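Every letter in the sequence shown is one number past the one before it in the working numbering, and letter 359, counting from 1, is 367.
Note that beta-carbon positions come from the ideal geometry of N, C-alpha and C, so glycine has one too.
All values derive from a computational prediction rather than experimental measurement.
Below: the structure, in structure tokens.
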Amino acid sequence: MNRHLFISVAAFAFIVIATIVFILYGKGYRFGFDKGKLELSGTGLLVAKSIPDGAQVFLNGNLTTATNSTLNLSPKQYRVRIFKEGYFPWEKTIKIQKEVVSKAEAFLFPTAPKLESITDLGASVLVVDPSLTKIAFSVSSEAPKRNGIYVLDMTSRPILTLQSASTQIADDSVALFSQANLSWSPDGKEIIATISAQTGDVTYLLNSSGFNSLPTNITALLDTVASNFKQEKEQTEAARLSSLPSVLRSFIPSNLEVISWSPDETKVLYKASASATMPIVINPRIIGSNSTPEERRLEEGGFYVYDLKEDRNYKLDGSNFQKHHIWFPDSRHFIFIKNKKLSVMEYDGGNQTVFYAGPFIDSFAFPWPDSSRIVILTDLGNSDITPRLYTISLR
């Protein structure tokens, strides 16, 4: 009887101890030797990921692992560097905390990106739709039937080449659409084309999904259509603001000018319209959040990004937003044009990199929705030809 009792107690004790060990292991605790003594110490987790994967991960200059992987690390700050041959390196200082998961997520841009033609037509007046998935452009250097307005659908899956992704929606048979100024409706289903004439401007409303053999002349209704579109935009913005915490809803109108929302609407790029202090919304603060130092004191005229999910605010270099700029589809990067070069940086201002310095018309650069390429307009340095649409491959 005593022998059976001893076995039961021992089995129960083993289960309890094993459970405790597994729980501690799951929380990042590890056994180690310090000064010849066995010690149990807490660690934190670093999840290292990259696109593309298979990149080397350096911690404080030492090659440690490769992406994608998870590391148990002693709590302290680490200089993390992710590198893959043929790509620009990614670097960041990350604070590892006990029992906390931290992330190093790198989108690596190629050092020698490939150019691919996506249209054999000379193009101009590129305008991207509100969803950032379609580009309208005009063609004026071809035969009359080929001149007009085209739409490049970046979500389509061309069978052979990207050149089949563009659709002509208007030609010059009814009016000189090749000379039109273009703008999108808020829902991206229609395009407003305004043509200048000696008798005054003439405006048409075009369906963006197919050829408009009988385009609708809305010149007389332009004010009404413009008012309706403006109302749609205001309703969309009001819906975004209404979803925010009340402290932000009251703070935003008088202190900042919203420039753009990230594609997933979890971050907002804005310009401070007054000097103020961004209120803290989440308290206590989120552990394991982005380790980049934030700046909640706003300077009038400064450019910032606010992360709604983590309630963190980052000051950015305003000179990066003086010309064309646009969110990357992953909502974690900006693509911008500076000094006639294409650059990228993370939403918190980190890892700013020039990834294309070749010839292009420096007013246009639009990312493909799956982040695989960037659309540009270029004559490849030959001023004798009309610029055409090309993509810069990122993978």
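query: Pull up the distance between the alpha-carbon of V233 and that of Q239, whole angstroms please.; result: 10 Å
query: Taking the alpha carbon of L214 as the reference point, which residue from S193, K84, A228 has its own alpha carbon closest?; result: S193
query: Is the distance from the Cβ of T207 to the Cβ of T227 below 7 Å?; result: no
query: Taking K100 as part of the beta strand (DSSP E), name the residues at either end of that continuous run.; result: 98-104
query: Distance, Cα to Cα, D378 vs N225?; result: 36 Å
query: Say the cut is 6 Å; is the CB of L397 nearer than that to a heavy atom of the ligand ADP?; result: Of the ligands one can find in the structure shown there are none, so the ligand ADP has no counterpart to examine.
query: Would DSSP call S270 helix, strand or coil?; result: coil
query: Can you tell which of K122, A188, P118 has the C-alpha that lies nearest to the C-alpha of V135?; result: A188
query: List the residues that DSSP assigns as beta-bridge partners of Q176.; result: Y158
query: So G52 and S110 are supposed to be a Cβ contact under 8 Å. How far apart are they, rounded?; result: 6 Å
query: Can you give me the C-alpha to C-alpha distance between Y322 and D195, rounded to a whole angstrom?; result: 30 Å
query: Measure from the alpha carbon of R403 to the alpha carbon of each residue in L81, S132, F117, then state which is nearest.; result: F117
query: As an exercise, report each continuous alpha helix (DSSP H) stretch of at least 4 residues that is fully enclosed by the region 208-273, in chain order.; result: 230-250, 254-263
query: Can you find the residues in the same chain that come closer than 7 Å, C-beta to C-beta, to K241, ignoring five residues on each side of it along the sequence?; result: P194
query: State the Cα-Cα distance for the pair Q176 and D137, rounded to the nearest angstrom.; result: 16 Å
query: Using alpha carbons as the reference points, say which of Y312, A247, I102, D61 lies closest to N263.; result: Y312
query: How is G52 classed by DSSP in three states: helix, strand or coil?; result: strand
query: What does M353 pair with, by DSSP beta-bridge criteria?; result: F342
query: Quick one: what does DSSP say F185 is sitting in, helix, strand or coil?; result: helix
query: Is I143 helix, strand or coil by DSSP?; result: strand
query: Can you tell me whether DSSP reads F363 as helix, strand or coil?; result: strand
query: So W376 is in the beta strand (DSSP E); what residue range does that whole segment cover?; result: First-last for W376: undefined, no H or E at that position.
query: Can you tell me which of K92, L184, K106 puts its alpha carbon nearest to the alpha carbon of I157?; result: L184
query: Within 7 Å of any Cβ in chain B, is that where the Cβ of A188 sits?; result: Of the chains in the structure shown, none is chain B; there is only one protein chain.
query: Checking 7 Å against the spacing of the C-beta atoms, do T78 and K57 come in under that value?; result: no
query: At what residue ranges does the region 270-346 contain a whole run of the beta strand (DSSP E), taking only runs of 3 or more?; result: 275-280, 311-315, 320-324, 333-335, 341-346
query: What do you get for A120, buried or exposed, if any count of 16 or more other CB atoms within 10 angstroms of its CB means buried?; result: exposed
query: Are the region 367-385 and the region 335-345 touching, with three or more C-beta to C-beta distances below 8 Å?; result: yes
query: Would you tell me roughly how many angstroms separate the C-alpha atoms of L129 and L397, rounded to the nearest one?; result: 8 Å
query: Which residues bound the beta strand (DSSP E) around I393?; result: From DSSP, I393 is part of no beta strand (DSSP E); its letter is neither H nor E.
query: Of the residues I393, D61, E93, which one's Cα is nearest the Cα of S405?; result: The structure shown does not extend to residue 405, since the chain is modelled only from 9 through 403, so no value can be given for it.
query: For the beta strand (DSSP E) that contains I90, what are its first and last residues?; result: 84-91
query: Taking L388 as part of the beta strand (DSSP E), name the residues at either end of that continuous run.; result: First-last for L388: undefined, no H or E at that position.
query: For my contact list, D272 and S339 are in at a C-beta cut-off of 8 Å; report their separation, rounded to the angstrom.; result: 4 Å
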